[in-house]
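In this note's numbering, the protein residues as written are 65 to 252.
Even for Gly, the Cβ is constructed at its ideal location relative to N, Cα and C.
Please read the structure below before turning to the comments.
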(Lines of atoms letter the chains of each structure in order from A; the text may use other names.)
(Lines give C-alpha, C1' and ligand atoms only; values in the text may rest on other atoms or scores of the structure.)
Protein backbone atom coordinates (compact mmCIF):
# COMPACT_ATOMS: atom_id res chain seq x y z
CA UNK A 65 0.00 0.00 0.00
CA UNK A 66 1.14 3.48 -0.83
CA UNK A 67 1.57 6.23 1.67
CA UNK A 68 -1.29 8.71 1.77
CA UNK A 69 -0.51 12.33 2.55
CA UNK A 70 -3.13 13.95 4.77
CA UNK A 71 -3.64 17.65 5.33
CA UNK A 72 -4.71 18.98 8.74
CA UNK A 73 -8.37 18.08 8.16
CA UNK A 74 -7.69 14.45 7.30
CA UNK A 75 -8.19 14.79 3.52
CA UNK A 76 -5.76 12.82 1.39
CA UNK A 77 -3.75 14.47 -1.38
CA UNK A 78 -5.56 12.27 -3.90
CA UNK A 79 -8.96 13.44 -2.60
CA UNK A 80 -7.83 17.07 -2.86
CA UNK A 81 -6.67 16.58 -6.46
CA UNK A 82 -9.94 14.85 -7.36
CA UNK A 83 -11.98 17.68 -5.85
CA UNK A 84 -9.86 20.34 -7.59
CA UNK A 85 -10.21 18.54 -10.92
CA UNK A 86 -13.97 18.37 -10.49
CA UNK A 87 -14.18 22.07 -9.70
CA UNK A 88 -12.04 22.92 -12.72
CA UNK A 89 -14.25 20.82 -14.98
CA UNK A 90 -17.34 22.52 -13.59
CA UNK A 91 -15.86 25.97 -14.21
CA UNK A 92 -14.86 24.99 -17.74
CA UNK A 93 -18.27 23.49 -18.52
CA UNK A 94 -20.33 26.53 -17.44
CA UNK A 95 -19.69 28.63 -20.59
CA UNK A 96 -20.05 25.55 -22.77
CA UNK A 97 -23.58 24.97 -21.46
CA UNK A 98 -24.74 28.14 -23.23
CA UNK A 99 -23.81 26.51 -26.53
CA UNK A 100 -25.80 23.31 -26.02
CA UNK A 101 -28.32 23.25 -28.85
CA UNK A 102 -32.01 22.90 -28.21
CA UNK A 103 -33.11 19.34 -29.11
CA UNK A 104 -34.86 19.21 -32.47
CA UNK A 105 -38.62 19.03 -31.93
CA UNK A 106 -40.91 17.07 -34.29
CA UNK A 107 -42.14 20.41 -35.65
CA UNK A 108 -41.16 24.07 -35.46
CA UNK A 109 -43.94 26.58 -34.98
CA UNK A 110 -43.85 30.37 -34.95
CA UNK A 111 -46.50 32.93 -34.03
CA UNK A 112 -46.18 36.53 -35.17
CA UNK A 113 -48.08 39.76 -34.74
CA UNK A 114 -46.79 42.51 -37.02
CA UNK A 115 -47.47 45.68 -35.05
CA UNK A 116 -47.33 47.95 -38.13
CA UNK A 117 -49.71 46.01 -40.38
CA UNK A 118 -51.86 44.33 -37.71
CA UNK A 119 -51.31 40.98 -39.43
CA UNK A 120 -51.08 37.81 -37.39
CA UNK A 121 -49.63 34.45 -38.35
CA UNK A 122 -49.34 31.14 -36.58
CA UNK A 123 -47.69 28.44 -38.64
CA UNK A 124 -45.59 25.30 -38.56
CA UNK A 125 -42.66 26.08 -40.85
CA UNK A 126 -40.75 22.82 -40.37
CA UNK A 127 -42.08 19.31 -39.76
CA UNK A 128 -40.94 15.73 -40.23
CA UNK A 129 -37.42 16.79 -41.07
CA UNK A 130 -38.13 19.36 -43.76
CA UNK A 131 -39.28 22.89 -44.43
CA UNK A 132 -42.91 23.64 -45.27
CA UNK A 133 -42.62 25.95 -48.30
CA UNK A 134 -46.08 27.53 -48.01
CA UNK A 135 -45.44 28.41 -44.36
CA UNK A 136 -42.08 29.95 -45.23
CA UNK A 137 -43.75 32.10 -47.92
CA UNK A 138 -46.25 33.29 -45.28
CA UNK A 139 -43.43 34.13 -42.86
CA UNK A 140 -41.48 35.99 -45.55
CA UNK A 141 -44.63 38.01 -46.22
CA UNK A 142 -45.40 38.99 -42.62
CA UNK A 143 -41.74 39.97 -42.03
CA UNK A 144 -41.56 42.05 -45.24
CA UNK A 145 -40.53 45.70 -45.40
CA UNK A 146 -43.94 47.08 -44.43
CA UNK A 147 -43.04 50.54 -45.71
CA UNK A 148 -42.44 49.40 -49.31
CA UNK A 149 -44.21 46.03 -49.44
CA UNK A 150 -41.00 44.32 -50.66
CA UNK A 151 -40.72 40.67 -49.66
CA UNK A 152 -37.54 38.59 -49.51
CA UNK A 153 -36.48 35.21 -48.20
CA UNK A 154 -35.91 35.50 -44.44
CA UNK A 155 -32.80 33.75 -43.12
CA UNK A 156 -33.86 30.29 -41.96
CA UNK A 157 -31.33 30.39 -39.11
CA UNK A 158 -33.15 33.50 -37.84
CA UNK A 159 -36.43 31.56 -37.84
CA UNK A 160 -34.83 28.72 -35.89
CA UNK A 161 -33.36 31.25 -33.46
CA UNK A 162 -36.81 32.82 -32.95
CA UNK A 163 -38.36 29.38 -32.47
CA UNK A 164 -35.78 28.41 -29.84
CA UNK A 165 -35.98 31.81 -28.14
CA UNK A 166 -39.75 31.58 -27.87
CA UNK A 167 -39.51 28.02 -26.56
CA UNK A 168 -36.80 28.82 -23.98
CA UNK A 169 -38.75 31.84 -22.73
CA UNK A 170 -41.81 29.70 -22.05
CA UNK A 171 -43.93 32.25 -23.88
CA UNK A 172 -47.53 31.61 -24.83
CA UNK A 173 -47.80 34.86 -26.78
CA UNK A 174 -46.93 35.68 -30.38
CA UNK A 175 -43.70 37.43 -31.27
CA UNK A 176 -44.51 41.10 -31.77
CA UNK A 177 -42.65 42.35 -34.84
CA UNK A 178 -41.37 45.92 -34.80
CA UNK A 179 -39.04 45.52 -37.80
CA UNK A 180 -38.12 42.54 -39.93
CA UNK A 181 -36.68 42.80 -43.42
CA UNK A 182 -35.80 46.30 -44.67
CA UNK A 183 -34.89 47.40 -48.17
CA UNK A 184 -31.70 49.43 -48.57
CA UNK A 185 -33.93 52.43 -49.34
CA UNK A 186 -35.89 52.05 -46.10
CA UNK A 187 -32.69 51.55 -44.12
CA UNK A 188 -31.17 54.73 -45.61
CA UNK A 189 -34.32 56.68 -44.76
CA UNK A 190 -34.21 55.40 -41.15
CA UNK A 191 -30.51 56.28 -40.87
CA UNK A 192 -31.45 59.90 -41.63
CA UNK A 193 -33.88 59.95 -38.70
CA UNK A 194 -32.05 57.86 -36.07
CA UNK A 195 -28.50 57.26 -34.91
CA UNK A 196 -29.47 53.73 -33.80
CA UNK A 197 -29.75 52.40 -37.39
CA UNK A 198 -26.65 50.67 -38.79
CA UNK A 199 -25.51 51.39 -42.32
CA UNK A 200 -24.73 47.70 -42.91
CA UNK A 201 -27.80 46.49 -41.06
CA UNK A 202 -28.56 42.79 -40.93
CA UNK A 203 -32.19 43.81 -41.52
CA UNK A 204 -31.25 44.58 -45.15
CA UNK A 205 -29.89 41.02 -45.48
CA UNK A 206 -33.08 39.55 -43.92
CA UNK A 207 -31.00 38.25 -40.99
CA UNK A 208 -32.37 40.52 -38.24
CA UNK A 209 -35.59 41.31 -36.46
CA UNK A 210 -36.67 43.75 -33.73
CA UNK A 211 -39.19 42.15 -31.38
CA UNK A 212 -40.88 41.96 -28.05
CA UNK A 213 -43.10 39.28 -26.53
CA UNK A 214 -46.02 40.36 -24.36
CA UNK A 215 -45.60 37.73 -21.65
CA UNK A 216 -41.78 37.94 -21.40
CA UNK A 217 -40.09 40.94 -19.74
CA UNK A 218 -37.80 42.69 -22.21
CA UNK A 219 -34.74 42.24 -19.97
CA UNK A 220 -35.47 38.50 -19.74
CA UNK A 221 -35.82 38.24 -23.53
CA UNK A 222 -32.43 39.90 -23.89
CA UNK A 223 -30.86 37.64 -21.25
CA UNK A 224 -32.12 34.47 -22.96
CA UNK A 225 -31.01 35.65 -26.41
CA UNK A 226 -27.53 36.57 -25.15
CA UNK A 227 -27.09 33.21 -23.43
CA UNK A 228 -27.97 31.42 -26.66
CA UNK A 229 -24.82 32.89 -28.28
CA UNK A 230 -26.22 32.65 -31.82
CA UNK A 231 -25.81 36.20 -33.12
CA UNK A 232 -26.20 39.83 -32.21
CA UNK A 233 -28.50 41.04 -29.44
CA UNK A 234 -29.35 44.71 -29.04
CA UNK A 235 -31.33 46.01 -26.08
CA UNK A 236 -33.57 49.06 -26.54
CA UNK A 237 -35.64 49.43 -23.35
CA UNK A 238 -36.73 53.01 -24.15
CA UNK A 239 -38.15 51.87 -27.49
CA UNK A 240 -39.41 48.61 -25.91
CA UNK A 241 -37.76 46.04 -28.18
CA UNK A 242 -34.84 43.65 -28.51
CA UNK A 243 -32.89 43.37 -31.76
CA UNK A 244 -31.84 39.85 -32.72
CA UNK A 245 -29.71 38.86 -35.69
CA UNK A 246 -27.76 35.90 -37.00
CA UNK A 247 -24.52 37.81 -37.52
CA UNK A 248 -21.46 37.49 -35.28
CA UNK A 249 -22.08 36.99 -31.57
CA UNK A 250 -22.11 40.42 -29.90
CA UNK A 251 -24.36 42.54 -27.73
CA UNK A 252 -25.10 46.19 -27.06
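If you follow the beta strand (DSSP E) that residue i is part of, which residue opens it and which one closes it?
{"i": "residue 123", "result": "120 to 127"}
{"i": "residue 208", "result": "208 to 213"}
{"i": "residue 218", "result": "First-last for residue 218: 218 to 228, but that is the alpha helix (DSSP H), not the beta strand (DSSP E)."}
Per DSSP, which one or two residues make a beta bridge with residue i?
{"i": "residue 34", "result": "Any property of residue 34 remains undetermined from this structure, which presents the chain solely from 65 to 252."}
{"i": "residue 178", "result": "Paired residue(s): none; residue 178 is not in a bridge."}
{"i": "residue 250", "result": "232"}
{"i": "residue 130", "result": "127"}
In terms of alpha-carbon separation, which member of the options lies closest to residue i?
{"i": "residue 229", "options": "155, 189, 165", "result": "165"}
{"i": "residue 155", "options": "226, 206, 169", "result": "206"}
{"i": "residue 217", "options": "199, 146, 175", "result": "175"}
{"i": "residue 109", "options": "131, 119, 117", "result": "131"}
{"i": "residue 106", "options": "119, 162, 128", "result": "128"}
{"i": "residue 247", "options": "198, 231, 114, 194", "result": "231"}
{"i": "residue 114", "options": "186, 133, 138", "result": "138"}
{"i": "residue 237", "options": "224, 219, 173, 249", "result": "219"}
{"i": "residue 178", "options": "241, 245, 186", "result": "241"}
Work out the CA separation of residue j and residue i for me, nearest whole Å.
{"i": "residue 251", "j": "residue 243", "result": "9 Å"}
{"i": "residue 122", "j": "residue 104", "result": "19 Å"}
{"i": "residue 36", "j": "residue 126", "result": "Residue 36 falls outside the range modelled here, since the chain spans only 65 to 252, and no answer is possible."}
{"i": "residue 183", "j": "residue 201", "result": "10 Å"}
{"i": "residue 112", "j": "residue 233", "result": "19 Å"}
{"i": "residue 163", "j": "residue 208", "result": "14 Å"}
{"i": "residue 213", "j": "residue 204", "result": "23 Å"}
{"i": "residue 222", "j": "residue 235", "result": "7 Å"}
{"i": "residue 210", "j": "residue 168", "result": "18 Å"}
{"i": "residue 196", "j": "residue 124", "result": "33 Å"}
{"i": "residue 119", "j": "residue 227", "result": "30 Å"}
{"i": "residue 117", "j": "residue 147", "result": "10 Å"}
Is residue i close to the ligand FMN? I mean its beta-carbon at under 7 Å from any heavy atom of the ligand.
{"i": "residue 144", "result": "In the structure on display, the ligand FMN does not appear, and there are no ligands present to speak of."}
First and last residue of the alpha helix (DSSP H) that includes residue i?
{"i": "residue 141", "result": "133 to 142"}
{"i": "residue 110", "result": "Unbroken run through residue 110 is the beta strand (DSSP E), 107 to 114; no alpha helix (DSSP H)."}
{"i": "residue 196", "result": "It is not in any alpha helix (DSSP H) - residue 196 carries neither H nor E in the DSSP assignment."}
For residue i, decide whether its Cβ has a neighbour in chain C, counting only Cβ atoms nearer than 8 Å.
{"i": "residue 155", "result": "Looking for chain C here will not work: only one protein chain is present."}
The region 140 to 148 / the region 191 to 199 touching (three or more Cβ pairs under 8 Å): no
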